[in-house]
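Peer 1:
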Amino acid sequence: MEGYNLQKEMSEAIQAGENALCSLRTAREELQKAGNWGIVDLFGGGFITNLIKHSKMDNASHLMENAKYDLKKFQKELRDVTINTDLSIDCGGFLTFADFFWDGVVADWLVQSKINDAKRQVDDAIAQVEQILRRLKQY
769 MEGYNLQKEM SEAIQAGENA LCSLRTAREE LQKAGNWGIV DLFGGGFITN
819 LIKHSKMDNA SHLMENAKYD LKKFQKELRD VTINTDLSID CGGFLTFADF
869 FWDGVVADWL VQSKINDAKR QVDDAIAQVE QILRRLKQY
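Just add 768 to the spot in the sequence shown (first one is 1) and you have our numbering.
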């Protein structure tokens, strides 16, 4: 393949992975904050608590969209690294999270459940990215 530089492609893949990891961790922090406010809301937090919780959820949703974008860039860079074809990231559940995050939110417990589901999805994506980065850095 003319012009193919493995070291350059590896470096680009690692950088994209590090960016995705940073975005995921930031989203996880905001989801944790939303979850904390959600617990307060479950125990009768009131109007202000509800406003803060929803603000944190909105922030988390935006941060997850950023992470989704960074994960897609990471996936693209991984395709350029041809040394090992099983280097891939499966984040299908995570990538669809933002599409249903706000749908059907009727009660505080349902919101809390969705926040917890999102945190699990983000944690899974973080674990996958960390594993792939460890493997890339071994080469």
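Think of the CB as a built atom: it goes at the ideal place given N, C-alpha and C, for glycine as much as any other residue.
Please read these numbers as outputs of a predicted model, since none were measured by experiment.
#1: Roughly how far, in whole angstroms, is the beta-carbon of residue 964 from the beta-carbon of residue 799, given that I think they are within contact range, below 8 Å?
#2: Which class does residue 907 belong to by DSSP, given the choice of helix, strand or coil?
#3: Using a Cβ-Cβ cutoff of less than 8 Å, which residues in the same chain neighbour residue 904 once the five nearest sequence positions on both sides are dropped?
#4: What are the boundary residues of the alpha helix (DSSP H) that includes residue 787?
#5: Spatial neighbours of residue 873 within its chain, please: CB distance less than 6 Å, with the 5 preceding and 5 following residues excluded, ordered by chain position.
#6: Should residue 864 go down as buried or exposed, given a rule of 16 or more other Cβ atoms within 10 Å for buried?
Peer 2: A quick look at the data gives this:
#1: Lying before the first or after the last residue shown, residue 964 is absent from the chain, which here runs from 769 to 907.
#2: coil
#3: 778, 781, 782, 785, 849, 855
#4: 774–810
#5: Reliability of the predicted coordinates at residue 873 is poor, the pLDDT of 41 falling under 50, and no value is obtained from them.
#6: Its pLDDT being 44, under 50, residue 864 is placed unreliably in this model, and the value from its coordinates should be taken loosely. Residue 864 is exposed by the Cβ-count criterion.
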